[in-house]
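Working notes, structure below.
Residue numbers (the numbering used here), protein chains in the order written: chain A, 1 to 353; chain B, 1001 to 1325.
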C-alpha cells in the first residue's frame, strides 16, 4: 500500500518506502490574464511496484502535476514550488541535465494519444531504441535487439519486421503498445501513464490495461495512472487520489474510495457514472455547474459553489475556510465524518444502484 | 517512385503545351499587325509582304502554332539558318534566335538566384531557428522585430538607398554589373554583391519569420514532448524532431521562390540595371515580340513545373506518410 501523507503541506521527507514523494507542490502559470494556479498544495506518495490512480475532471491539475515531476513544464511561464523527491533526489531544483538523465530512464511517461505522441517522421523502432542508446550507451545493434524484444513483449507480432515501420503503419492499439515498449525499454522505476487508454476504443482499452498490469508485475515499476474513468481506475490502481481544482480532495485505497467515498465531489463523480447491472430506472446525476476557473478559484473549499451539502455545514465555513485533507484515508471537507457517512448511506448510495 | 516521375513529367509536358497554346492565341488576339510593327511607319506594301513571309505570318495561325511547338522538339529552318532544338523561334524585333537570347541572359539570372538563395537560406533559416530556440528572450524580440520591418521593405526602395550609400557617395563598390564567372570570379562576385545583398535582405526577413513560426509550432507538437520525456537532449529534440516537421512548409516556399527567381527577377534587374531573363520578358511584351514572349514564358513555366516535382519528391523524403505511387 502507498504510504499516505501525514499532514498536508508537511515538509517531511518521503518515507523509506516511498519511491516518489510529492510535498505541497504548487505550480503556477503566468498568463496574460493573470496567474493560473494549476496545482495548489498537492502532496502524495507512490511506493515501489504499486499503482496510484489520480482522477479528476479536465483542468484539475492531474497532467500538470505529472509533467512537473518530469520537469516538462515550460520553465519560462511556470513557477514550481514545493518538493518532489524521487528515490531520495530532489527534482524541483534539479538541473536540466540531471532531469535528462532521469527522463525515460528512471521515470517514463505514456501519453494519451499515441498518434500524436509518436513522431511521424521516424520509424517506430528508432523511436523505441533511442532512449535505450541514450541512457545505457548501447550500440545501435544492441538497442535494436532490445527494441525488438520490447516490441515482442508488448505483443506486437513479427516485431523484427515491425521495427522498421512508421507510426502511421500501426493501428491505434499497436501505437499505444509501441509507446509502452518505448517507456519501459530502460526498465523505469516509475511509469506515469497519462490517460493511456482514453484515445482507444473499448476492446483495445481492456487489452492495453491488461498489458500494463502484466508488465508492471514483470518490471516491478510503480505506476501513476491518470484518468477520468473510474471504471478503469478500479481495475488498475491500488490507491486513489481524487483531484479538484489543483488540489487533492480525497484519498485512500481504491476499495475504500469507491465503496465508501467521503467527499461530495467523489459522490458526484460516482453518481454521474453508469454501472453495468445498475438500476436503469435510476437517472444519472451530473455534477451541477462547471469546473472552477483556475485563474480565480472560489474562496474556501473550491467545490462549494457546486456542492449540494453546504447547508449541512454550520456558518459560512464552506465559502470562507479551505478544508484540510487529513492524514491517510480522508477527504478535504467541512462535513463531519458521521454527517458524511449518514449522507452517503441515505442519499447517495441508493442512487448508485 | 518511377511511376510517380513518369506521371508527373508527362503531366508537366501537357501543362507546358497548354501554357504555350494559351500565350500564343492570346497574343494573336491583339488587334495589331506584327509585320506592320516590324516594318515601321513608312512601309510599302511590298516590304510588308516580305516581312510577313520572313516571319511566317502569311501562314494560318494554327500552322504557325504547330510549327512553333514542333520547333521546340525538333528544331526549325529559318532564312537566317537552322535553329536547333529546343528552338523557340526567331525574335520579331531583333531577328535573333530566342533560345540564344535566353541563354545569353540566363547566366546572370542564375547567378542572381543562386547567390541570393545561398545568402537568404543561410541567414533566414539561421536567424529564424535562433529566434525559436531563444523564444521570448531579447534575442528573439530583436530578430522578430527587425525581420518584421525588413520584410515590409521593397527591393526598389532598399536598392537605390544601398546604391547611393555604397556606390555614389562613398565609392566603396562599383555599380553592379554582370561579369562571367568563368572569366573573372572575383569580378563576378563584386559585381553581384549589392543585388544579392539587397534581394537577400528582403527574402531573409521572410524566411526568418517563417522558420521561427513553424519551429515554434512544431516545438508544441506532442511528439516533440514525447522525445523530451524520453530524456533526449534539448538540442537533439530541436534539430531532429521539431526541425524535421518544419521542413515541409519551408521546402514548399523555397520551391516557389526559386522558380519565380529563375524565370526572371524583374524588379531586381531593373533596380540594378542588369539584363537578365526578367528584362527579356518585359522587352518581349513591350515590343509585342511573340516568339520572345513565348520563349520566356515557356522557360519560366519549365522551372515552375520542374521545381514543383522536386518539392513533391522532397515531401516524400521528409515525411514517410507521403507515399509516392
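Beta carbons: idealized from backbone N, C-alpha and C, even for Gly.
Taking the straight line between their C-alpha atoms, what separation do you get for residue i and residue j?
i: residue 46(A); j: residue 189(A); result: 11 Å
i: residue 1108(B); j: residue 1186(B); result: 15 Å
i: residue 31(A); j: residue 1199(B); result: 39 Å
i: residue 1006(B); j: residue 138(A); result: 44 Å
i: residue 79(A); j: residue 247(A); result: 16 Å
i: residue 358(A); j: residue 271(A); result: The displayed coordinates of chain A run from 1 to 353. Any statement about residue 358(A) would go beyond what the structure contains.
i: residue 1175(B); j: residue 1257(B); result: 26 Å
i: residue 240(A); j: residue 258(A); result: 9 Å
i: residue 1201(B); j: residue 1010(B); result: 37 Å
i: residue 302(A); j: residue 1144(B); result: 42 Å
i: residue 1321(B); j: residue 167(A); result: 9 Å
i: residue 1267(B); j: residue 1017(B); result: 28 Å
i: residue 1250(B); j: residue 1210(B); result: 7 Å
i: residue 299(A); j: residue 321(A); result: 7 Å
i: residue 219(A); j: residue 114(A); result: 22 Å
i: residue 1221(B); j: residue 1214(B); result: 11 Å
i: residue 1263(B); j: residue 1284(B); result: 14 Å
i: residue 163(A); j: residue 1238(B); result: 24 Å
i: residue 331(A); j: residue 250(A); result: 4 Å
i: residue 1080(B); j: residue 1131(B); result: 59 Å
i: residue 1039(B); j: residue 1116(B); result: 41 Å
i: residue 1281(B); j: residue 1191(B); result: 23 Å
i: residue 1065(B); j: residue 1297(B); result: 15 Å
i: residue 1161(B); j: residue 1169(B); result: 10 Å
i: residue 307(A); j: residue 340(A); result: 13 Å
i: residue 1008(B); j: residue 227(A); result: 49 Å
i: residue 87(A); j: residue 1216(B); result: 34 Å
Which same chain residues, not among the five before or five after residue i, have their C-beta less than 7 Å away from its C-beta?
i: residue 1032(B); result: 1288
i: residue 7(A); result: Any reading at residue 7(A) must be qualified, since the residue scores a pLDDT of 43, below 50, and its modelled position is unreliable; the value itself is stated next. Taken in chain order, the residues that qualify are 327.
i: residue 1072(B); result: 1085, 1086, 1087 and 1088
i: residue 1028(B); result: 1061
i: residue 287(A); result: 268, 272 and 306
Can you tell me whether residue i is buried or exposed? The criterion is at least 16 other CB atoms within 10 Å of its CB, across all chains shown.
i: residue 1241(B); result: buried
i: residue 223(A); result: buried
i: residue 1148(B); result: exposed
i: residue 154(A); result: buried
i: residue 1219(B); result: buried
i: residue 999(B); result: Beyond the ends of chain B as shown, which are 1001 and 1325, falls residue 999(B); an answer cannot be given.
i: residue 1058(B); result: exposed
i: residue 261(A); result: buried
i: residue 323(A); result: buried
i: residue 130(A); result: buried
i: residue 1020(B); result: buried
i: residue 58(A); result: exposed
Got a sec? Which residues, its chain only, sit under 6 Å from residue i by beta carbon, not counting five neighbours each side?
i: residue 310(A); result: 304 and 318
i: residue 1167(B); result: 1173 and 1175
i: residue 225(A); result: 51, 53, 193, 236 and 237
i: residue 143(A); result: 129, 132 and 133
Say whether chain C places a C-beta atom closer than 8 Å to the C-beta of residue i.
i: residue 1320(B); result: Going by chain labels, chain C is absent from the structure shown, which instead holds the protein chains A and B.
Excluding the 5 residues flanking residue i on each side, which residues of the same chain have their C-beta closer than 8 Å to its C-beta?
i: residue 354(A); result: What is shown of chain A runs 1 to 353, which leaves residue 354(A) out entirely.
i: residue 334(A); result: 301, 313, 317, 318, 321 and 323
i: residue 1083(B); result: 1071, 1075, 1076, 1077, 1089, 1090, 1097 and 1099
i: residue 1142(B); result: none
i: residue 336(A); result: none
i: residue 56(A); result: 62, 228, 242, 243 and 244
If residue i sits next to residue j, beta carbons under 8 Å apart, how far is it from one beta carbon to the other, in whole angstroms?
i: residue 1248(B); j: residue 1196(B); result: Incorrect: roughly 27 Å between the Cβ atoms, too far for contact.
i: residue 184(A); j: residue 237(A); result: At roughly 18 Å, the Cβ-Cβ gap does not stay under 8 Å, so residue 184(A) and residue 237(A) are not in contact.
i: residue 1098(B); j: residue 1295(B); result: 4 Å
i: residue 232(A); j: residue 285(A); result: Wrong, their Cβ atoms sit about 21 Å apart, outside the cutoff.
i: residue 252(A); j: residue 208(A); result: Not a contact, Cβ separation roughly 26 Å.
i: residue 1056(B); j: residue 1067(B); result: 7 Å
i: residue 1361(B); j: residue 103(A); result: Lying outside 1001 to 1325, the shown extent of chain B, residue 1361(B) is not represented and no answer is given.
i: residue 1207(B); j: residue 1121(B); result: 7 Å
Considering only heavy atoms of the ligand ZN, does any lie closer than 7 Å to the CB of residue i?
i: residue 1297(B); result: In the structure on display, the ligand ZN does not appear, and there are no ligands present to speak of.
So, do the segment 18–27 of chain A and the segment 82–97 of chain A have three or more beta carbon pairs nearer to each other than 8 Å? yes
Inter-stretch contact (C-beta, 8 Å, three-pair minimum) for the segment 1306–1319 of chain B and the segment 1095–1114 of chain B: no
With a threshold of 8 Å, are at least 3 pairs of Cβ atoms found where one atom belongs to the segment 1280–1298 of chain B and the other to the segment 1086–1096 of chain B? yes
Count the CB pairs spanning the segment 1252–1271 of chain B and the segment 1307–1323 of chain B that are closer than 8 Å, and state whether there are at least three. yes
Meets three-Cβ-pair contact criterion under 8 Å: the segment 100–114 of chain A and the segment 191–204 of chain A: yes
Does the segment 29–44 of chain A come close enough to the segment 283–299 of chain A to have 3 or more Cβ pairs within less than 8 Å? yes
Does the segment 144–162 of chain A come into contact with the segment 115–132 of chain A, if we say contact requires no fewer than three beta-carbon pairs (one atom in each stretch) closer than 8 Å? yes
Is it true that the segment 1273–1289 of chain B meets the segment 1168–1182 of chain B, where meeting means three or more beta-carbon pairs spaced less than 8 Å apart? yes
Do the segment 69–76 of chain A and the segment 93–106 of chain A make contact, defined as three or more Cβ pairs closer than 8 Å? yes
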